[in-house]
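**Student:** If you scroll down you'll find the structure; I have some questions about it.
Protein chains: 2
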Amino acid sequence: MDGIHLLGEWYGCVADMPEITRADALRTLCMRLSDDSGMSIVGESFHQFAPAGVTGTVLLAESHLAIHTWPEHGFVTIDVYVCNYTTDNSAKAERLFQAIRDALRPQRAKFQAIHRGGMDA
Amino acid sequence: MDGIHLLGEWYGCVADMPEITRADALRTLCMRLSDDSGMSIVGESFHQFAPAGVTGTVLLAESHLAIHTWPEHGFVTIDVYVCNYTTDNSAKAERLFQAIRDALRPQRAKFQAIHRGGMDA
Numbered sequence: 058m059d060g061i062h063l064l065g066e067w068y069g070c071v072a073d074m075p076e077i078t079r080a081d082a083l084r085t086l087c088m089r090l091s092d093d094s095g096m097s098i099v100g101e102s103f104h105q106f107a108p109a110g111v112t113g114t115v116l117l118a119e120s121h122l123a124i125h126t127w128p129e130h131g132f133v134t135i136d137v138y139v140c141n142y143t144t145d146n147s148a149k150a151e152r153l154f155q156a157i158r159d160a161l162r163p164q165r166a167k168f169q170a171i172h173r174g175g176m177d178a
Numbered sequence: 058m059d060g061i062h063l064l065g066e067w068y069g070c071v072a073d074m075p076e077i078t079r080a081d082a083l084r085t086l087c088m089r090l091s092d093d094s095g096m097s098i099v100g101e102s103f104h105q106f107a108p109a110g111v112t113g114t115v116l117l118a119e120s121h122l123a124i125h126t127w128p129e130h131g132f133v134t135i136d137v138y139v140c141n142y143t144t145d146n147s148a149k150a151e152r153l154f155q156a157i158r159d160a161l162r163p164q165r166a167k168f169q170a171i172h173r174g175g176m177d178a
């Protein structure tokens with residue numbers, strides 16, 4: 058039951074853009090880009106912190122997207138995890154990850170790709 | 058903006074227990090154990106796959122819990138990610154991870170702990 062999990066820490070994002078500060082704007086962005094990337098959305102939850110900042114997830118048939126923003130630091134963490142059960146979803150995951158990165162425009166980034174699974178289920 | 062992300066792949070879980078097969082049972086378990094572990098819940102979303110299997114997340118003020126089950130394989134993947142922004146939440150994360158593991162009782166497990174952040178925000 059192999060899968061790929063992409064983890065990003067993004068620094069120097071545009072701190073006052075609605076997609077960083079507001080749950081509704083980030084939800085709209087994540088839902089649209091998940092769909093554009095060929096993912097199958099099965100649920101979502103986004104929470105607005107006061108005065109600004111968001112934590113949210115999009116549940117995917119392929120697994121999940123999770124994102125957290127700290128506008129006061131221009132900082133974002135993101136996870137895109139897909140399981141490659143019946144088909145290889147790695148390309149979709151990379152597409153989604155890159156599309157959100159393009160939207161939030163970090164100046165610096167840390168990236169890790171973690172292989173999941175690897176034992177016989 | 059450091060954080061710790063615990064990733065588990067659990068094999069040989071009891072495949073027919075409701076907490077593996079049913080979204081409502083897994084939601085109840087995850088919400089209770091998140092609360093018991095001292096986490097602050099700010100949202101949740103769980104999806105029921107047909108005929109069985111669940112994907113779900115609990116949004117935390119500390120970051121998130123994500124869990125996916127494949128009952129037909131007795132297989133579960135889990136993520137517990139906490140950011141240690143104002144306080145060190147690592148112990149809470151380990152407590153939550155272990156509590157869910159105790160509940161789902163995998164026979165074999167793969168575990169990774171990923172350090173997140175590490176650049177100046």
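From first to last, the protein sequence lines are chains Y and B. Residue numbers in the first sequence follow the numbering used here, run continuously in steps of one, and reach 178 at the last position. Residue numbers in the second sequence follow the numbering used here, run continuously in steps of one, and reach 178 at the last position. We put the beta carbon where it would ideally sit given N, CA and C, even for glycine. Computed from a prediction, not measured in an experiment: that's the story for all the values here.
Whose CA, out of 83(Y), 63(Y) and 141(Y), lies closest to the CA of residue 72(Y)?
**Tutor:** 83(Y)
**Student:** Quick check on residue 134(B): buried or exposed, where buried means 16 or more other Cβ atoms within 10 Å of its Cβ?
**Tutor:** buried
**Student:** Between which two residues does the beta strand (DSSP E) holding residue 162(Y) run?
**Tutor:** First-last for residue 162(Y): undefined, no H or E at that position.
**Student:** What are the residues of the segment 158-172 of chain B that lie near chain Y, defined by any Cβ-Cβ distance shorter than 7 Å?
**Tutor:** 165, 167, 169 and 171
**Student:** Give the interface partners of residue 140(B) over in chain Y, defined as CB-CB distance under 9 Å, in chain order.
**Tutor:** 125, 127 and 134
**Student:** Can you tell me where the beta strand (DSSP E) holding residue 114(Y) begins and where it ends?
**Tutor:** 111-117
**Student:** Any chance the segment 121-139 of chain Y sits against the segment 62-72 of chain Y, with 3 or more Cβ pairs inside 8 Å?
**Tutor:** yes
**Student:** I'd like to know if residue 90(B) contacts chain Y, where contact means its C-beta is closer than 8 Å to some C-beta of that chain.
**Tutor:** no
**Student:** For residue 125(B), does the count of other Cβ atoms within 10 angstroms reach 16, so buried, or fall short, so exposed?
**Tutor:** buried
**Student:** Counting only C-beta atoms, is residue 147(Y) closer than 8 Å to chain B at any point?
**Tutor:** no
**Student:** With DSSP as the reference, label residue 126(Y) as helix, strand or coil.
**Tutor:** Annotated three-state conformation of residue 126(Y) is strand, per DSSP.
**Student:** Hey, out of 112(Y), 75(Y) and 144(Y), whose CA is closest to residue 95(Y)'s CA?
**Tutor:** 144(Y)
**Student:** Can you list, in chain order, the residues of its chain with a C-beta nearer than 7 Å to that of residue 75(B)? Leave out the 5 residues immediately preceding and following it.
**Tutor:** 82, listed in sequence order.
**Student:** Could you check where the beta strand (DSSP E) with residue 102(Y) kicks off and where it finishes?
**Tutor:** 98-105 is the extent of the beta strand (DSSP E) around residue 102(Y).
**Student:** Using DSSP bridges, identify the partner residues of residue 138(B).
**Tutor:** 62(B) and 121(B)
**Student:** Please check if any C-beta of chain B sits within less than 8 Å of the C-beta of residue 66(Y).
**Tutor:** Answer yes: the Cβ-Cβ gap between residue 66(Y) and chain B drops below 8 Å somewhere.
**Student:** Straight-line CA distance for residue 115(Y) to residue 123(Y)?
**Tutor:** In this model, residue 115(Y) and residue 123(Y) are separated by some 7 Å (Cα to Cα).
**Student:** Look at the Cβ atom of residue 148(B), then the Cβ atom of residue 128(B), and state whether they are nearer than 8 Å.
**Tutor:** no
**Student:** Going by DSSP in three states, residue 72(B) sits in which element: helix, strand or coil?
**Tutor:** coil
**Student:** Taking buried to mean at least 16 other C-beta atoms within 10 Å of its own C-beta, is residue 120(Y) buried or exposed?
**Tutor:** buried
**Student:** At a CB-CB cut-off below 7 Å, which residues of chain Y make contact with residue 15(B)?
**Tutor:** Residue numbering for chain B in the displayed model covers 58 to 178; residue 15(B) lies beyond these limits and cannot be assessed.
**Student:** Report the neighbours of residue 120(B) on chain Y: residues whose CB is nearer than 9 Å to its CB, in chain order.
**Tutor:** 112, 123, 125 and 134
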